[in-house]
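K.L.:
These protein sequence lines are chains A and B, in that order. With the working numbering as the guide, the letters of the first sequence map in order to residues 21 to 134. With the working numbering as the guide, the letters of the second sequence map in order to residues 1112 to 1222. Glycine residues also receive a C-beta, built at the ideal position from the N, C-alpha and C atoms.
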Amino acid sequence: NAGVMQNPRHLVRRRGQEARLRCSPMKGHSHVYWYRQLPEEGLKFMVYLQKENIIDESGMPKERFSAEFPKEGPSILRIQQVVRGDSAAYFCASSPQGSNQPQHFGDGTRLSIL
Amino acid sequence: EDQVTQSPEALRLQEGESSSLNCSYTVSGLRGLFWYRQDPGKGPEFLFTLYSAGEEKEKERLKATLTKKESFLHITAPKPEDSATYLCAVFQETSGSRLTFGEGTQLTVNP
């Protein structure tokens, strides 16, 4: 019974490049959430998606960041023209329903910007 | 402003020395409080959900309780393998489906 799968686990990019982070939710889960953990800071919500729909993107920077959860395949968090400040751990979580059900997390993608 | 505050930031215990971690919140319309454990290099691992004041949940050496203003995670006779960062997060009526996390308590249990 696989948990939330994220890849890659580590990603190194140079300033100005694009970063693509992937997340496959737990089996039977159709709700996906992305959080960011900056060094020495807590987890911060970025975006909440269901299949083919963005439900809440209020925590996501307006510029350069986008997310999708297509009908087939994993959810993707895309960061264009990365900057040093994007260096962080990005975590994906999933739940079978939205609302106040527990969210189960993957082990994250550590993004480093050179 | 809605806030979730965890204390202490760090806690060192000897094996077998029981203690409690605190999570206080100033949010409106609380609909659930979650406790997670996070090991270095890993994602948060779900432990408990508490939905209403007075509720308690237990799992092995851990017991979580909830009041109208705070939650406690009690650790009874801890072992070195309980060493981790413990996170609490709240779910509010007004926050859609997002969780608002505290910054965690880093627990170290020495043998």
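Taking only beta-carbon atoms, is R1148 (chain B) less than 8 angstroms away from chain A?
P.N.:
Looking up residue 1148 (chain B) in the second sequence gives position 37. Closer than 8 angstroms: no.
K.L.:
DSSP three-state label for E1167 (chain B), please.
P.N.:
Here residue 1167 (chain B) refers to the residue found at position 56 when the second sequence is read from its first residue. Strand.
K.L.:
List the DSSP bridge partners of L1198 (chain B).
P.N.:
For the purposes of this step, residue 1198 (chain B) is taken as the residue at position 87 of the second sequence. Note: L1198 (chain B) sits in a beta bridge opposite B:Y1147.
K.L.:
Which first and last residues belong to the beta strand (DSSP E) in which A22 (chain A) is found?
P.N.:
For this step, residue 22 (chain A) is matched to residue 2 along the first sequence. Careful: A22 (chain A) lies outside any beta strand (DSSP E) and carries neither H nor E.
K.L.:
Where do the N-terminal and C-terminal ends of the beta strand (DSSP E) with R35 (chain A) fall, by residue?
P.N.:
What you label residue 35 (chain A) is simply residue 15 of the first sequence in a count that begins at 1. No beta strand (DSSP E) contains R35 (chain A), which DSSP labels as neither H nor E.
K.L.:
Determine the direct distance from the alpha carbon of Y68 (chain A) to that of P116 (chain A), and round the result to whole angstroms.
P.N.:
For this step, residue 116 (chain A) is matched to residue 96 along the first sequence. For this step, residue 68 (chain A) is matched to residue 48 along the first sequence. P116 (chain A) and Y68 (chain A): Cα-Cα distance of roughly 13 angstroms.
K.L.:
What is the rounded straight-line gap between the Cα of P94 (chain A) and the Cα of R1209 (chain B)?
P.N.:
As a position in the first sequence, residue 94 (chain A) is number 74, starting the count at 1. As a position in the second sequence, residue 1209 (chain B) is number 98, starting the count at 1. So the two alpha carbons sit approximately 20 angstroms from each other.
K.L.:
Buried or exposed for Q57 (chain A), please, with buried defined as at least 16 other CB atoms from any protein chain shown within 10 angstroms of its CB.
P.N.:
The residue labelled residue 57 (chain A) in the question sits at position 37 within the first sequence. Flag for Q57 (chain A) reads buried.
K.L.:
Report buried or exposed for S44 (chain A), applying the criterion of at least 16 other Cβ atoms within 10 angstroms of its Cβ.
P.N.:
Counted from its first residue, the first sequence places residue 44 (chain A) at position 24. Counting Cβ neighbours within 10 Å, S44 (chain A) comes out buried, since at least 16 surround it.
K.L.:
Name, please, each residue of chain A whose Cβ falls closer than 9 angstroms to the Cβ of T1137 (chain B).
P.N.:
Looking up residue 1137 (chain B) in the second sequence gives position 26. Those within 9 angstroms of T1137 (chain B) in chain A number zero; the least Cβ separation is about 16 angstroms.
K.L.:
Examine the ligand SAM and report whether any of its heavy atoms sits within less than 7 angstroms of the Cβ of F111 (chain A).
P.N.:
Of the ligands one can find in the structure shown there are none, so the ligand SAM has no counterpart to examine.
K.L.:
Kindly list, in the order they appear in chain A, the residues whose Cβ is closer than 8 angstroms to that of E1214 (chain B).
P.N.:
By 1-based counting over the second sequence, the position of residue 1214 (chain B) is 103. Within 8 angstroms Cβ-Cβ: E61 and G62.
K.L.:
Determine, using beta carbons only, whether P1155 (chain B) comes closer than 8 angstroms to chain A.
P.N.:
Your numbering for residue 1155 (chain B) matches position 44 in the second sequence. Yes, because at least one Cβ of chain A sits closer than 8 angstroms to the Cβ of P1155 (chain B).
K.L.:
Note down the Cα distance separating S1139 (chain B) from E1204 (chain B), rounded to an integer number of angstroms.
P.N.:
On the second sequence, position 28 is the one that residue 1139 (chain B) refers to. On the second sequence, position 93 is the one that residue 1204 (chain B) refers to. About 8 angstroms.
K.L.:
If you measure from the beta carbon of S1208 (chain B) to each beta carbon in chain A, is any gap under 8 angstroms?
P.N.:
On the second sequence, position 97 is the one that residue 1208 (chain B) refers to. Yes, S1208 (chain B) lies at the interface with chain A (some Cβ there is under 8 angstroms from its Cβ).
K.L.:
Can you tell me whether DSSP reads T1160 (chain B) as helix, strand or coil?
P.N.:
Sequence index remark: in the second sequence, residue 1160 (chain B) carries index 49 (1-based). In this structure, T1160 (chain B) counts as strand in the three-state DSSP scheme.
K.L.:
Under a Cβ-count criterion, where at least 16 other Cβ atoms within 10 Å of its own Cβ denotes burial, should T129 (chain A) be classed as buried or exposed?
P.N.:
The count along the first sequence starts at 1 and reaches residue 129 (chain A) at position 109. Flag for T129 (chain A) reads buried.
K.L.:
Going by the CB atoms, is the gap between F65 (chain A) and G1154 (chain B) shorter than 8 angstroms?
P.N.:
In the second sequence, counting from the first residue as 1, residue 1154 (chain B) sits at position 43. In the first sequence, counting from the first residue as 1, residue 65 (chain A) sits at position 45. No, they are not a contact pair.
K.L.:
Using a Cβ-Cβ cut-off of less than 8 angstroms, list which residues of the region 74-94 of chain A approach chain B; keep chain order.
P.N.:
For the region 74-94 of chain A, which is checked against every Cβ of chain B, the residues closer than 8 angstroms are I75, D76, S78 and G79.
K.L.:
Quick one: list the residues of chain A neighbouring T1160 (chain B), beta-carbon separation under 7 angstroms, in chain order.
P.N.:
The residue given as residue 1160 (chain B) occupies position 49 in the second sequence. The contacting residues are P122.
K.L.:
Hey, how far is the Cα of S1131 (chain B) from the Cα of V1115 (chain B)?
P.N.:
The sequence position of residue 1131 (chain B) within the second sequence is 20, counting from 1. The sequence position of residue 1115 (chain B) within the second sequence is 4, counting from 1. Straight-line Cα distance between these residues: approximately 17 angstroms.
K.L.:
Mind listing, in chain order, the continuous beta strand (DSSP E) runs of no fewer than 3 residues lying wholly within the region 54-85 of chain A?
P.N.:
63-70 and 73-76, all fully within the region 54-85 of chain A.
K.L.:
Check for me: the beta strand (DSSP E) holding H49 (chain A) runs from which residue to which?
P.N.:
Within the first sequence, residue 49 (chain A) is the residue found at index 29, counting from 1. First-last for H49 (chain A): undefined, no H or E at that position.
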